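Input: a single structure, listed below in structure tokens.
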Amino acid sequence: MSALRNGAINGTNGAASAPVSKRFSDIPAAIDVPVQGEAEDEAVEIDLLELFDDPTELCTLFENERAARTYWMTVALAYAKQKKIEHAIEMLVRGGNAMRDNNPREKLSMIGCLCWMYLWKSREAPRVPPDGELASEAKTKEYYLQLATSTLNDASRINPAYPPLFLARGVLQLLRASLQTPKATGHGQVDSEKADLLRSALKAFEDAIRVSQGKNMLAVMGKARTFFSLGKYPESLASYQEVLQKKPDFVDPDPRIGIGCCFWQLGFKDDAKLAWERCTEINPEHKVGNILLGLYHLDASSRIPTNSPEFLHLYKKAMTEYTQKSFKLDKNMPLTCATFAGYFLSRKQLGTVDSLAHKAIQYTDVNAIASDGWYLLARKEHYTGDPERASDFYRRADDARGGAERGYMPAKFGAAQLAVLRGDLGEAKLRLEKMIQQSKNHEAMILLGTLYAEEVFANEDADGKEDKSAEMKKAISLLEGVRGAWKDSKKGMSPDAAVLLNLARLYEHEFPERAHQCLLQVEQLELDQIPEEERPVGIEDEAENRATLRKFLPPQLLNNIGCFYSQSEKHEQASEMFEAALGACMKIGEKDQEIDTDALVTTISFNLGRSYESQSLYDKATEVYEGLLKRHDDYTDARTRLAYIKLRRNPNKEGPDAVAKLYQENPQDLEVRALYGWYMGKVHSRKRPHNINEDHEFRHYKHTLQNYDKHDRYALVGMGNLYLIQAREMRRESDSDKAKRSATYSKAVEFFEKALSLDPKNAYAAQGIAIALVEDKKDYKTALGIFVKIRDTIKDAHVYVNLGHIYAELRQYSKAIENYEVALSKEGKGNDPVILACLGRTWLNKGRSEKLLDAYHEALKYAQKALEAAPEQVHYKFNVAFVQIQMATTVYALNENQRTLAQLQEAATGLESAISALDEIASHPQTPYPKHDVEQRANMARNTQRKQLERAIASQKEYEEKNKEKLQVALEQRQAELRKREEERQQALEKQRERQEKIRREREEIAARDREIAERRAEEEKARQEAEMTTDSETGDKVKRKKKVAPRGDGESRPKRGSRKKKATETDGEDSGEERPTKKKRRLTKKESTVNNKYKSAEIIVDSDDEDEDDDPLDRAERALEKASSPLSDAEEKAGDDEDKMEVDNNRDVDDDEDDGGVGRRQQSSRSRRGRVIESDEDEDEDEAPKKNGAGADSDDEADRAKPAADTSMAEADDDEE
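Residue 189 in full-length UniProt numbering sits at position 189 of the sequence shown, and the numbers go up by one each step.
Right under this line is the structure:
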């Protein structure tokens, strides 16, 4: 913005004095009114500084003395100067009546002045009738606008072309447009009625500018204000800057206010601040400038955390330094009242809010401020608990900004909040969804997401569960959308802990890791909000510092984080969080002893004990549980855990006694009954009766379901498991046996399904159904899907063992082996003989299927490990022998070129071990298979396989002797090939490294060269700018150096500035002769006229294309003057176009219409007419040059009049001084 950059024009430090308002500057301190008397020069002096409170006497005096119009108007304006508009109106009305018999044109100025007074009163009048006053009698804004309209019509009847009426009509239309209630049009659009009024205002202002030949700066201001109302902010900004550029001392009204508002709407808020600060620098008592600066600082504070010192500084500055000052200057200014009302609302001073908000509504002529006033009243009623009035005020606030798709988002949000308070969640959701569709309002997204989340949480606690998956997805989508917006620094949003906590609850069951991350983010937010004075000093270790700070956090948060750590089996970190939570409870008790933290301490301590148990720290866990029992001896959960620990540590005496005692003392506690049932299952697992009804564990679960809780899920799952065990051991020889067995499996499934109906996420019940499907129906695929789903829920090894079984049955041996190995890696399962045996069996089947000797070796390895883990188990010894026999059979079956002598010898050795093992197993009292079958297998190995291997070994020796040389050559070739491949691979890697290194060096060189070029250019630019700057002789400021004009002789015409390219072209043309004809160029002709005005070229320039018989000659002349005063004429524009090789020629038609005389003159001066296109700064210097050097301008005045009006040469003050 050139006007703001120019220090002298803008009145910054260094200027002689700041601009002063010229409003009412022509009103004298006193006037002498001639009166009829003996003396001819007798007059009455009226002091205009101390006028009467009642103008009746003055009106009577003027009427009796038949005072001239000027006296009436002077006194009226003196009253207006003192803000006594009513008296001024009375003076003008009485004066107009007194001059009724005079020439109507005589009182035209008085009528115009009266119109302006009505417009002034309209700005100060209330928008709606005050309470208790009749609408027909209230003097509202509309009342005064009607009077102004009537007065303006009277003036127009006298002389419609009276220039001041154009400006008045524009202001009247502007004020009428501001009172239009916004319609429900599209976002950012102006409704049609208001747009029509604004277009009428724009036409009136343009007429005023036209008749004043561009000198009416108030009309330009009005034009800028109209553009602003139409939402055309760039055009508005240009008009405001035009005012500031042409009249830098124009301060009342101050265009800097409009410039700042345009910058604000265009997103340049810091530039807006500079404009408003300059306004208050010129006039510290400028109420609008002060309140706008206050709003700027309030907006800046809204993007800073409220607990930061910077927020307090900005907020205090906004309210005390700017807003309060504006309020003192004008207590009825609507924008100030609305701003202060918001401040008092935050302080809960609701009485003050009511009065200020009503003022803002009453006196504003801006719909947005009225909307703010209604919104503040709505929030006040919302706080006081009057939902009916609050709802009405929210509606009015929304309607004041257009309602429906437009409207005011905070008001819509407030209405949605009221719907939530009323319990009408359907209406609240509908309102919030509409808001989100219109604009991604994050507050609406938070509230709507929270409503959906609360539905999900309420359904979880309800007895009858409904499917709320859709609501959960919506809640997560909305809240995650808000969470993602926090990462965008441009939006300046601060994370909200409530959003993260709701997300954590939504993620808790399906995605515990995400829930954990949400809680960790909440923890970080809480840590960041700890004041500096409470932070520890001298602790350098980050972990220790963090642990110390956790004492200031909510213990519930730390406890929940610890639970998630425990769930993910990170027990050490879980213990740390539980300990920190206990420390936070103690900190709360120290701050406020009235707060009861016993329940929190009890729960967190129990969790800490469970965490110690998971780490096998049984002594610490026992200490925690015993401490709990000292404070609460009836805490059954703690006693249950102590009994379990004793059972684990002393399973023979102390443990069973503790469990039995616990059960006897708490037979009705379901957790205790569950522990006792589990204990009974462990005790009687080896001696289960054939009749399930005689099983002690079964009878215990049945008793629980019949007498305590028929929906006890542990008992239901336990009974299902017992039916599975019974079905697995039932006979299956005949069809009836198979039917009975299948029926038992069905009973088991019934119990599992009952448990799942009560708890759809019960993984143990789902696992039981999957086992039944495999064992009874052989439905491996369905069972596989179930096991895969429960794998992440049940962390036990048996889940992976079951998965391994299914994959093995499906012949997917690699996946089976993978799952068995995962089961083997679980805690306490590293040497489990069952899992090892399963791995051995799977490797054996893999070897059989794929004919891989390596698989047989793996099978043998795991079979031997299983035997080592349980040497007393005879069937593991049989497994080892069986694998060795299978390996011998496989090696024997291979061709001579597929096996080696070493492999055969190894198989023979294994076969001998297998024969010995089978003999031992056959003599064992408890053989895994019938003794006869074992002896028969041993005899087959001894008699048949031994001889087969002996013959195979002899044959293999002979084969390898014959093919020894061939084998050696093949081996060497193979090794050479491998070496060659490795060398080629290394060479390729080396070439790739060299290429990458070369590219890196080239990039570094390019970057260094670019930096060098950039630095050199920056230095050259800096040097060029310094060379162009010089010191202004008048102000002492640094200004741009101006080009010097070459000295001219007397009568020599001023040379025109042409571009370097142009000069070079002309020089070449002179050297080489005329190679092509010069294009015919148009030159505007001048009509002879003696009109003298302030333009450099006094003649009126007429464009033949613009002439129209129907046009007013004055209009044509004014349009021509506007063209004449432009920096470049049409001819120069065309010359510039030709010079730049553009293929557009807008003046071609006009050239054809030129007369011969004009053409001749144009050809004669074609070379001198060519100018260059100048920059905006040069334009300003060019316009200011005559002002800075009056002598130079005068001396060249006659020469200028002989030149075209679009002369772009510059007369420099510095040149004349030299």
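Beta carbons: idealized from backbone N, C-alpha and C, even for Gly. Quantities reported herein were computed from a predicted structural model and do not represent experimental measurements.
- prompt: the ligand NAP heavy atoms versus the CB of W486: any closer than 7 Å?
  reply: What this structure holds is no ligand at all, so the ligand NAP is not there to describe.
| request: For my contact list, residue 1258 and W72 are in at a C-beta cut-off of 8 Å; report their separation, rounded to the angstrom. | output: As shown, the chain starts at 1 and ends at 1218. That puts residue 1258 outside it, with no answer to give.
query = Should A823 and I835 be called a contact, given that it needs their Cβ atoms to be closer than 8 Å?
reply = As a first step, residue 823 is located in the sequence shown; it is residue number 823 there, counting from the start. As a first step, residue 835 is located in the sequence shown; it is residue number 835 there, counting from the start. Taking the C-beta atoms as reference points, I835 is found nearer than 8 Å to A823.
State the start and end residues of the unbroken alpha helix (DSSP H) segment that holds P512. Here the question's residue 512 lines up with position 512 in the sequence shown. Element bounds for P512: 512-528.
Notebook entry, point to check: Looking only at its own chain, which residues have a Cβ that is under 8 Å from the Cβ of W276, when we skip the five neighbours before and after it?
Noted result: The count along the sequence shown starts at 1 and reaches residue 276 at position 276. Listed in chain order, the non-local C-beta contacts of W276 below 8 Å within the same chain comprise R256, I257, G260, G289, L292, L293, Y296, local neighbours out to five positions each way being set aside.
Point to revise | Distance, E775 Cα to T889 Cα | key: Here residue 889 refers to the residue found at position 889 of the sequence shown. Here residue 775 refers to the residue found at position 775 of the sequence shown. For T889 and E775, the distance between alpha carbons rounds to 32 Å.
- Flag this pair as yes or no: are the beta carbons of P930 and H875 separated by less than 8 Å? For the purposes of this step, residue 930 is taken as the residue at position 930 of the sequence shown. For the purposes of this step, residue 875 is taken as the residue at position 875 of the sequence shown. The answer is no: Cβ separation not under 8 Å.
**Prompt:** When you compare only the Cα positions, how much space is there between K348 and L376?
**Reply:** The residue you call residue 348 lines up with position 348 of the sequence shown. The residue you call residue 376 lines up with position 376 of the sequence shown. Distance from the CA atom of K348 to the CA atom of L376, rounded to whole angstroms, is 12 Å.
- Would you check if there are 3 or more beta carbon pairs closer than 8 Å linking the segment 490-500 to the segment 467-474? Too few Cβ pairs lie closer than 8 Å, so no.
query: Tell me the DSSP bridge mates of I46?
result: What you label residue 46 is simply residue 46 of the sequence shown in a count that begins at 1. According to DSSP, which records beta bridges pairwise, I46 is partnered with I31.
Q.
Here's the rule I'm using: 16 or more other beta-carbon atoms within 10 Å means buried, otherwise exposed. How should T140 be labelled?
A. Taking the first residue of the sequence shown as position 1, residue 140 is located at position 140. Classification of T140: buried, given that the 10 Å Cβ count is 16 or more.
>> Suppose the cutoff is 6 Å on Cβ atoms and the five residues either side in sequence are ignored; what does the same chain contact list for R94 look like?
In response: Working through the sequence shown from its first residue, we reach residue 94 at position 94. Hits under 6 Å: C59.
### Query
What is the residue span of the alpha helix (DSSP H) that H798 lies within?
To locate residue 798, count along the sequence shown from 1; it is residue 798. For H798, the enclosing alpha helix (DSSP H) stretches over residues 797-809.
Mind listing, in chain order, the continuous alpha helix (DSSP H) runs of no fewer than 4 residues lying wholly within the segment 149-204?
-> Counting only runs of at least 4 residues, the segment 149-204 fully encloses the following alpha helix (DSSP H) elements, listed from N- to C-terminal order: 163-178.
Backbone secondary structure at V20 - three-state DSSP:
What you label residue 20 is simply residue 20 of the sequence shown in a count that begins at 1. In the structure shown, V20 adopts coil according to DSSP, grouped into three states.
Give the C-beta separation of L904 and L852 to the nearest angstrom, bearing in mind that I take them to be a contact with Cβ-Cβ under 8 Å.
Taking the first residue of the sequence shown as 1, we reach residue 904 at position 904. Taking the first residue of the sequence shown as 1, we reach residue 852 at position 852. With a Cβ gap of about 17 Å, L904 and L852 do not count as contacting.
- prompt: Given 8 Å as the limit, is there contact between the segment 163-178 and the segment 377-391, that is, 3 or more CB pairs closer than that?
  reply: Not touching, per the Cβ criterion.
Q | K851 - DSSP class collapsed to helix/strand/coil | A | Within the sequence shown, residue 851 is the residue found at index 851, counting from 1. Coil, per DSSP.
Assuming A177 contacts L198 under a Cβ cut-off of 8 Å, what Cβ separation, rounded to an integer in Å, is found between them?
-> Along the sequence shown, one-based indexing puts residue 177 at 177. Along the sequence shown, one-based indexing puts residue 198 at 198. The C-beta distance from A177 to L198 rounds to 5 Å, short enough to fall under 8 Å.
By a C-beta neighbour count over all protein chains shown, 10 Å radius and 16 as the cutoff for buried, is H87 buried or exposed?
By 1-based counting over the sequence shown, the position of residue 87 is 87. Flag for H87 reads buried.
**Study point:** Nearest-angstrom beta carbon gap, F250 and S236 [assumed within contact, 8 Å]
**Key:** Numbered from 1 along the sequence shown, position 236 holds the residue referred to as residue 236. Numbered from 1 along the sequence shown, position 250 holds the residue referred to as residue 250. About 16 Å; that fails the 8 Å criterion.
- Task: Give the secondary structure of Y708 by DSSP, where H, G and I count as helix, E and B as strand, and everything else as coil.
- Result: Counted from its first residue, the sequence shown places residue 708 at position 708. In the structure shown, Y708 adopts coil according to DSSP, grouped into three states.
Buried versus exposed, by CB contacts within 10 Å (16 or more), V20:
As a working note, residue 20 is residue 20 in the sequence shown. It counts as exposed.
Exercise. Run the CB neighbour count on T384, radius 10 Å, all protein chains shown included, and call it buried at 16 or more, exposed below.
Key: Residue 384 sits at position 384 when you count from the first residue of the sequence shown. Under the 10 Å beta carbon count, T384 is surrounded by fewer than 16 other beta carbons and is classified as exposed.
*Beta-carbon contacts of E858 that lie in its chain and below 7 Å, excluding the five residues immediately before and after*: The count along the sequence shown starts at 1 and reaches residue 858 at position 858. Shown here for E858: same chain residues with a beta carbon closer than 7 Å to its own, the five before and five after excluded, namely W843 in chain order.
### Message
I'd like to know whether the C-beta of K287 is nearer than 8 Å to at least one C-beta of chain B.
### Response
Considering every chain present, this structure includes no chain B. It has just one protein chain.
Taking the runs of the alpha helix (DSSP H) that are 4 residues or longer, which of them lie wholly in the segment 953-1037?
-> Taken in chain order, the unbroken stretches of alpha helix (DSSP H) that lie wholly in the segment 953-1037 and span 4 residues or more are 964-1028.
*So which of E1019, D598, L608 has the shortest CA-CA distance to L558?*
Mapped onto the sequence shown, residue 558 falls at position 558. Ranking E1019, D598, L608 by CA distance to the CA of L558 puts L608 first.
Margin query: Going by C-alpha to C-alpha distance, which of A1014, R979, L901, S916 sits closest to K964?
Written below: Residue mapping note: residue 964 aligns to position 964 of the sequence shown, counting from 1. Cα-wise, what sits closest to K964 is L901.
- prompt: Does the beta-carbon distance from A763 to I725 come in below 8 Å?
  reply: In the sequence shown, the residue the question calls residue 763 occupies position 763. In the sequence shown, the residue the question calls residue 725 occupies position 725. Contact flag unset, no.
What three-state label does DSSP hand R66 in the structure shown?
To locate residue 66, count along the sequence shown from 1; it is residue 66. In this structure, DSSP gives R66 a state outside helix and strand, which the three-state scheme calls coil.
Buried or exposed, going by whether 16 or more other CB atoms sit within 10 Å of the CB of K661? On the sequence shown, residue 661 is found 661 positions in, with the first residue counted as 1. Classification of K661: exposed, given that the 10 Å Cβ count is below 16.
Touch test, the segment 583-593 against the segment 541-559, Cβ-Cβ under 8 Å, three pairs minimum
Yes, the segment 583-593 is in contact with the segment 541-559.
**Prompt:** Based on Cα-Cα distance, which residue from P28, E1012, F62 lies nearest to V44?
**Reply:** Looking up residue 44 in the sequence shown gives position 44. Per the Cα distances, F62.
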